[in-house]
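Structure first, commentary second.
Numbering (this note's numbering), first residue to last: 181 to 649.
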């Protein structure tokens, strides 16, 4: 039974429903039912509720019927994800850069979301909800000054990087080149000056935990040593590519006391071909499983160094088939004599290392993690387009790279989310960012409201624990 005091507040064309003493109002209408030859009631959406104060409209009903003035739309999804995924980093930025942290957050979030340049940063900032929450002056001149000022605070940047070191598996270290458009930066021996970007990648965190910029003509081994000293990391293993091996590099690595796993080219003379030419049963006597593939292996010592040789039987078949197909398609370059000369090498990969009694399986797994750092460098170049810089001095370059480093940390968090939910084969972090960027907040009459979210996008983001609120 609906009380009389409630009925007094009932709006026209509506009905009241009692839910445990709470009175909700729904719109009603009627349509003619030709089968029953009479009107049929249609219950519509919730209009609001009735309390002692009278009828109170629901927010959706109020939005639907009010006059829209002072409407503003700003991007919200990517900014929300930034705060969610980088919560610990943001707290550390507040501590280390108390006067600049808000600008830093804005810059790395916009850098990842839009590949924004210094020139376009103010425009993207103005169209982001960050401009409503972060009280920062973002202008082209101010951003340039901020980057240079941050670069001068190199010790603070190092302190920030050291705050996120954990575990004991900092195993991937490598370098890539960044081209400089400034005549005042990089190596003077190249037509286009280059700067080296060295990175240490954490296998357990699946993200970069340290970077360092060096001149393009700097010696790699010395850079590795200095970077480890600066980072404070003592248990890293250098995992290089096949082009890194040389006797002089090995001597330098040993002299600097660095641990390493270095793959060898198949024609390297340190690999004994007579052993590889023997039947597999005589050479490879032990194996392990890697991603449901059989990996055979054997080890030996040569010139005081440990050599580990692995054979992927499935890869061997694939490489043999590929070579035979090339004989058919390019007979001027490939023939059966060449096939027979290389047959014993197909499917094999060899390493020289100084990790002592570490099991061969662990050596193989360590090397496979190199793909993580290669993906990181690929993302630096293709996602952030950060393989070239227009910074005019080293301080500005240092600040600019710190922003890119933070952006790549956020990118790595998206990779982790997708990987943990087995969605990495279907979606990339850029796919997720695209969906996030299209989620907005709308300001109507001075109040902000979350825009509608596509149901497919909502389900995807919720599955990644990115619940937009």
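Where a beta carbon is used, it is the ideal one built from N, C-alpha and C, also for glycine.
Small disclaimer: the values here were computed from a predicted structure and weren't measured.
For residue i, which three-state DSSP category applies?
i	result
residue 340	helix
residue 505	helix
residue 386	coil
residue 219	strand
residue 531	strand
residue 638	helix
residue 395	strand
residue 227	strand
residue 252	strand
residue 371	Residue confidence for residue 371 is low, a pLDDT of 48 falling below 50, so the modelled location carries little weight and cannot support an answer.
Please report the distance separating the alpha-carbon of residue i from that of residue j.
i	j	result
residue 607	residue 381	23 Å
residue 493	residue 527	6 Å
residue 464	residue 454	13 Å
residue 519	residue 503	7 Å
residue 271	residue 228	41 Å
residue 403	residue 394	8 Å
residue 616	residue 308	12 Å
residue 212	residue 295	58 Å
residue 414	residue 620	45 Å
residue 267	residue 236	38 Å
residue 193	residue 273	56 Å
residue 425	residue 459	28 Å
residue 410	residue 553	20 Å
residue 507	residue 498	14 Å
residue 563	residue 190	57 Å
residue 371	residue 328	With a pLDDT of only 48 at residue 371, under the threshold of 50, the placement of this residue in the model should not be trusted; the figure read from the coordinates follows. Between residue 371 and residue 328, the C-alpha separation is close to 25 Å.
residue 220	residue 214	10 Å
residue 412	residue 339	10 Å
residue 368	residue 473	Because the pLDDT at residue 368 is just 48, under 50, the model does not fix this residue reliably, and the value given afterwards should be weighed accordingly. Cα-Cα distance, rounded: 47 Å.
residue 451	residue 634	57 Å
residue 182	residue 208	17 Å
residue 281	residue 319	16 Å
residue 630	residue 445	56 Å
residue 312	residue 423	50 Å
For residue i, which option in the options has the closest C-alpha, if you only look at C-alpha atoms?
i	options	result
residue 537	551, 480, 586 and 589	480
residue 317	498, 303 and 226	303
residue 265	595, 614 and 428	595
residue 614	236, 215 and 259	259
residue 356	337, 385, 522 and 400	400
residue 587	635, 556, 605 and 534	556
residue 224	448, 195, 452 and 640	195
residue 185	197, 218, 322 and 230	230
residue 597	575, 631, 644 and 293	644
residue 456	417, 546, 521 and 410	521
residue 583	514, 291, 392 and 311	291
residue 408	385, 439, 383 and 429	439
residue 489	530, 204, 482 and 517	530
residue 392	383, 384 and 376	376
residue 262	640, 629, 639 and 609	609
residue 374	468, 577, 417 and 320	577
residue 541	561, 342, 448 and 441	441
residue 345	386, 324 and 484	386
residue 548	239, 450, 203 and 417	417
residue 483	278, 430 and 637	430
residue 269	427, 284, 449 and 533	284
residue 544	419, 559 and 218	419
residue 539	517, 580, 487 and 561	487
residue 432	648, 534 and 579	534
residue 232	580, 558 and 187	187
residue 278	310, 336, 241 and 325	336
residue 437	405, 485, 468 and 286	405
Span of the beta strand (DSSP E) holding residue i?
i	result
residue 376	374-382
residue 235	234-237
residue 620	620-624
residue 210	202-213
residue 196	194-199
residue 616	Run containing residue 616: none in the beta strand (DSSP E); it sits in the alpha helix (DSSP H), 609-617.
On the DSSP letters alone, give me the boundaries of the alpha helix (DSSP H) that residue i sits inside.
i	result
residue 645	Premise fails: residue 645 is in no alpha helix (DSSP H) and is neither H nor E.
residue 260	257-265
residue 184	184-187
residue 581	574-600
residue 517	516-522
residue 630	Looking at the DSSP string, residue 630 is not in any alpha helix (DSSP H); the run it does join, the beta strand (DSSP E), is 627-630.
residue 542	540-548
Just to check, is the beta-carbon of residue i closer than 7 Å to a non-hydrogen atom of the ligand ATP?
i	result
residue 542	In terms of ligand content, the structure shown is empty, and the ligand ATP therefore cannot be addressed.
Worksheet item: Which residue spans inside the stretch 275-319 form an unbroken beta strand (DSSP E) run of at least 3?
Response: none
Worksheet entry | Complete runs of the beta strand (DSSP E) confined to the stretch 454-497 [at least 3 residues] | 466-470, 473-482 and 485-492
Worksheet item: What are the complete alpha helix (DSSP H) segments, minimum 4 residues, inside the stretch 397-455?
Response: 400-411 and 427-435
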